[in-house]
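Undergrad: Here it is, the structure in full.
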Amino acid sequence: MLITDDFLPIPVPESLSATYLVPMAGLPRVSPKTAVRALEGRLAEPVHGLATQMLDSPLMTVDTRSIDEFPQLPPDLLAAFGATEAQLGRLAAASHLVVVQAEYRPGWPPAHEWAARAVAAAVAESVDGDVVDVFGLQFLDPAAALRSLPDAEGRVRLVDWVLVPYSSDAEGLWFTTKGLRRFGLLELQTQGVPDHLTRAWGAVMTGAARRLLRDWTDGLAGEEVPAFVQLPVLATVTGHDIAVAYGNPEQHGATAPVLLRLELDPATDPEADSFLSLRPPPGHPGPPGKYFAAACATLFSGIQPDVRYARPGDAMSKAIATARAGLDDIRARFLAGTLPPESQLVVKYGLPGDEGPEFVWAGVTSWEVPERLVGASASDANTDPTVRIGSPVVVEAADVVDWALLDGTGVIEGGWTQAVLDAGEPPTA
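This note's numbering applies: residue 963 is where the sequence shown begins, and numbers increase by one.
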């Protein structure tokens, strides 16, 4: 294997395993094979055939155990990863667990995960129960588990297999992935992410996971499993990577790629996980958070950070009026916490300049009084040297000309002025 400064050798495990549980009160009603046969016609190939074949092979085991024989699942962690009170209640009332385990070589397809999840979903459906993904510590209802499996064209949404939890520390937010080890790859992490990029950076991490997973599985495509796979030290992430990871390839825009430097952070504790860290590329000046903010501005380019015009034309005037008419409502939804999940509210406002106002975007962090909001700038302003990416800004509501809700795929609501610009109707001077 050739080792260069351009690639990072990542060790490949000899085999991978998947474990799923089906809690139930009493014993199973049907055999696993019968449960899987009931999915015929509903589960795309090759997954249905794969599950059937692995059930007949030593690569998969399905055991029914008394729940007392299995280590207790932590309800607090299950709740943190989305378990409902009803699901936790069914787990507490269960007397038995059906344990589905599968093993397979690293590479694509991940037969151990697809087959084990399919069998567990079939068994859970037969008793109107739940699936517990032990790796992700997640409850899945059978329908959601089946939807996460490949469609007729072999496509999956990576967000159904990889989570992106985060926590806060003195340097900002610490993001990690949880799910890449299913495929043999080390988990990713990013440290020092600005607080206002919570949702946006989660989407970037998911897109980066998609890109690196593709490189990883390409390196495992041969007949023999290699000892190492070389990943590029400078990884690229695009809006297309993010859109595909979320299952919306048709929504991606032609965004410029963003460079991220990959570093191996081996664990010092043998019981802990090693990580692949995502950092700014070499030579980037300033704190990492500034680069991460600029990366988000590039990837979510449906909202342009720096727009100028002198006198708005009719289309732009209507767009501004529409946006301003909805300010009270969007503020109320922001304060009530009823915005769509994984979305971020941003506003566009004007800064005075010699050539007319400069309009920039900022992510809203608080909006206690109607007349004024606090946010974090999404760009560097040309007219005001104090307005820099990630810097805190106080915006008068009277200066706001537009607002938008963003998620991992771009604008999901609002953005009227940007729509006018994207439609090729620039305001008249």
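Virtual Cβ for every residue (Gly too), placed ideally from N, Cα, C.
So what's Trp1076 in DSSP terms, helix, strand or just coil?
TA: By one-based count along the sequence shown, residue 1076 stands at place 114. Reduced to three states, the DSSP call for Trp1076 is helix.
Undergrad: With respect to the alpha helix (DSSP H) encompassing Gly1047, which residues constitute its N-terminal and C-terminal limits?
TA: Walking along the sequence shown from the start, residue 1047 turns up at place 85. One detail in the question is off: residue 1047 reads as Glu in this sequence, not Gly. Per DSSP, Glu1047 belongs to the alpha helix (DSSP H) from 1047-1055.
Undergrad: Using three-state DSSP, classify Arg1117 as helix, strand or coil.
TA: Working through the sequence shown from its first residue, we reach residue 1117 at position 155. Arg1117: coil per DSSP, three-state reduction.
Undergrad: Can you pull the DSSP bridge partners for Ala1197?
TA: Counted from its first residue, the sequence shown places residue 1197 at position 235. DSSP, once it has assigned bridges, lists Leu1222 as partnering Ala1197.
Undergrad: Quick one: which unbroken beta strand (DSSP E) runs of 3-plus residues sit fully inside the region 1296-1332? Chain order, please.
TA: Fully enclosed beta strand (DSSP E) runs of 3 or longer: 1306-1313, 1320-1331.
Undergrad: Determine, using beta carbons only, whether Val1363 and Ile1282 come nearer to each other than 8 Å.
TA: As a working note, residue 1363 is residue 401 in the sequence shown. As a working note, residue 1282 is residue 320 in the sequence shown. It is a contact, given that the beta carbons lie within the stated cut-off.
Undergrad: Please classify Ala1200: is it buried, with 16 or more other beta-carbons within 10 angstroms of its beta-carbon, or exposed?
TA: Taking the first residue of the sequence shown as 1, we reach residue 1200 at position 238. A small correction: the amino acid at residue 1200 is Thr; Ala does not occupy that position in the sequence shown. Result: buried.
Undergrad: Taking 8 Å as the cut-off, decide whether the C-beta atoms of Val1355 and Ala1324 are in contact.
TA: On the sequence shown, position 393 is the one that residue 1355 refers to. On the sequence shown, position 362 is the one that residue 1324 refers to. Closer than 8 Å, so yes.
Undergrad: To test your reading of the DSSP string, which unbroken beta strand (DSSP E) runs of 3 or more residues are found completely within the region 1333-1357?
TA: The region 1333-1357 contains these whole beta strand (DSSP E) runs: 1334-1339.
Undergrad: Looking at the structure shown, is Glu1149 part of a helix, part of a strand, or coil, going by DSSP?
TA: Counting from 1 along the sequence shown, the entry for residue 1149 is found at position 187. In this structure, Glu1149 counts as strand in the three-state DSSP scheme.
Undergrad: Suppose you measure from the CA of Val1126 to the CA of Arg1119; what does that come to, to the nearest Å?
TA: Mapped onto the sequence shown, residue 1126 falls at position 164. Mapped onto the sequence shown, residue 1119 falls at position 157. Taking the straight line joining both Cα atoms gives about 14 Å.
Undergrad: Can the beta-carbon of Pro973 be found closer than 8 Å to that of Ala1189?
TA: Position 11 of the sequence shown, counted from the first residue, corresponds to residue 973. Position 227 of the sequence shown, counted from the first residue, corresponds to residue 1189. Going by C-beta atoms, Pro973 is nearer than 8 Å to Ala1189.
Undergrad: For the beta strand (DSSP E) containing Ile972, name the first residue and the last one.
TA: Your numbering for residue 972 matches position 10 in the sequence shown. Start and end: 969-973.
Undergrad: So, for Asp968: in the same chain, excluding its five sequence neighbours on each side, which residues have a beta-carbon less than 8 Å away from its beta-carbon?
TA: The sequence position of residue 968 within the sequence shown is 6, counting from 1. Hits under 8 Å: Pro1194, Val1195, Leu1196.
Undergrad: Would you give the residue range spanned by the alpha helix (DSSP H) that Leu1108 belongs to?
TA: On the sequence shown, residue 1108 is found 146 positions in, with the first residue counted as 1. Where Leu1108 is concerned, the enclosing alpha helix (DSSP H) stretches over 1104-1109.
Undergrad: Taking three-plus beta-carbon pairs below 8 Å as touching, is the region 1138-1147 in contact with the region 1175-1183?
TA: Yes, the region 1138-1147 touches the region 1175-1183.
Undergrad: Report the residue from Pro1072, Thr1026, Gly988 whose alpha carbon sits nearest the alpha carbon of Ala1055.
TA: Here residue 1055 refers to the residue found at position 93 when the sequence shown is read from its first residue. For the residues Pro1072, Thr1026, Gly988, the minimum Cα distance to Ala1055 belongs to Gly988.
Undergrad: Check whether the Cβ atoms of Arg1173 and Thr1198 lie closer than 8 Å to each other.
TA: Numbered from its first residue, the sequence shown carries residue 1173 at position 211. Numbered from its first residue, the sequence shown carries residue 1198 at position 236. Yes.
Undergrad: What residues are listed by DSSP as bridge partners for His1058?
TA: Position 96 of the sequence shown, counting from 1, holds the residue named residue 1058. His1058 pairs with Met986, Ser1028.
Undergrad: Could you tell me whether the Cβ atoms of Ala1006 and Ala1114 are closer together than 8 Å?
TA: By one-based count along the sequence shown, residue 1006 stands at place 44. By one-based count along the sequence shown, residue 1114 stands at place 152. Yes, these two residues count as a Cβ contact at 8 Å.
Undergrad: State buried or exposed for Gln1034, treating a residue as buried only when at least 16 other CB atoms are found within 10 Å of its CB.
TA: As a working note, residue 1034 is residue 72 in the sequence shown. With fewer than 16 other Cβ atoms within 10 Å, it is exposed.
Undergrad: Among the candidates Phe1254, Ser1019, Arg1161, Pro1036, whose CA atom is the shortest distance from the CA of Leu1307?
TA: One-based indexing of the sequence shown puts residue 1307 at position 345. Leu1307 has its Cα closest to that of Arg1161, out of Phe1254, Ser1019, Arg1161, Pro1036.
Undergrad: How far does the beta strand (DSSP E) with Arg1241 in it extend, from its first residue to its last?
TA: Here the question's residue 1241 lines up with position 279 in the sequence shown. Where Arg1241 is concerned, the enclosing beta strand (DSSP E) stretches over 1237-1241.
Undergrad: Please tell me whether Ala1343 and Glu1320 are closer than 8 Å, where the distance is taken between their beta carbons.
TA: For the purposes of this step, residue 1343 is taken as the residue at position 381 of the sequence shown. For the purposes of this step, residue 1320 is taken as the residue at position 358 of the sequence shown. Yes.
Undergrad: On the three-state DSSP scale, how would you describe Trp1178?
TA: For the purposes of this step, residue 1178 is identified with residue 216 of the sequence shown, where counting begins at 1. The answer is helix: DSSP assigns Trp1178 an H, G or I state.
Undergrad: Taking its Cβ as the centre, do 16 or more other Cβ atoms sit within 10 Å of Ala1272, making it buried, or is it exposed?
TA: Here the question's residue 1272 lines up with position 310 in the sequence shown. Residue placement at Ala1272 is flagged as unreliable, the pLDDT there being 37, under the threshold of 50; the coordinate-derived value follows with that caveat. Classification of Ala1272: exposed, given that the 10 Å Cβ count is below 16.
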